[in-house]
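Read in our numbering, the sequence shown has 791 at position 67, and its numbers run on one by one without any break.
Using N, Cα and C, we set each Cβ at its ideal position, and we do this for glycine too.
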Amino acid sequence: DISNIVQYTTTILPSTFAASKNKYISTMGQQEGFNEVLIQPLQQFAKDSIHLVKKCTKPDRKEFTAIARATGIGFLIMGFIGFFVKLVHIPINNILVGN
């Protein structure tokens, strides 16, 4: 019986430890890959975002009115384009449908 136990410990246990060590190493490799793929880019994005917010300034009145004017003109132009497309579409649709 003792010889069987000694033989078991010398043959089976070292391979078990080696397998668990390889499993640990592969898990560490997966963790490093996970860090490189997900954690580090998120950390860099957060860092860049904080830097951007610190650099941004509130627009003064002149800059704000210029932006508001440009946006308003853009809305008006897009509205007129939509109106004229609809204005042309209604008669064409009536001709095609035959009402």
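Reduced DSSP category for residue i - H, G, I as helix; E, B as strand; rest coil
{"i": "glycine 806", "result": "helix"}
{"i": "glycine 822", "result": "coil"}
{"i": "proline 783", "result": "coil"}
C-alpha distance - residue i paired with residue j, whole-angstrom precision
{"i": "phenylalanine 758", "j": "glutamine 767", "result": "13 Å"}
{"i": "leucine 811", "j": "leucine 820", "result": "15 Å"}
{"i": "leucine 737", "j": "glutamate 760", "result": "Note that leucine 737 scores 49 on pLDDT, short of 50, meaning its location in the model is unreliable and no value can be drawn from it."}
{"i": "phenylalanine 788", "j": "glycine 798", "result": "15 Å"}
{"i": "glutamate 756", "j": "threonine 781", "result": "38 Å"}
{"i": "aspartate 772", "j": "glycine 822", "result": "60 Å"}
Exposure label - residue i; buried when at least 16 CB within 10 Å
{"i": "isoleucine 814", "result": "exposed"}
Residue i, enclosing alpha helix (DSSP H) - first and last residue
{"i": "valine 777", "result": "764 to 779"}
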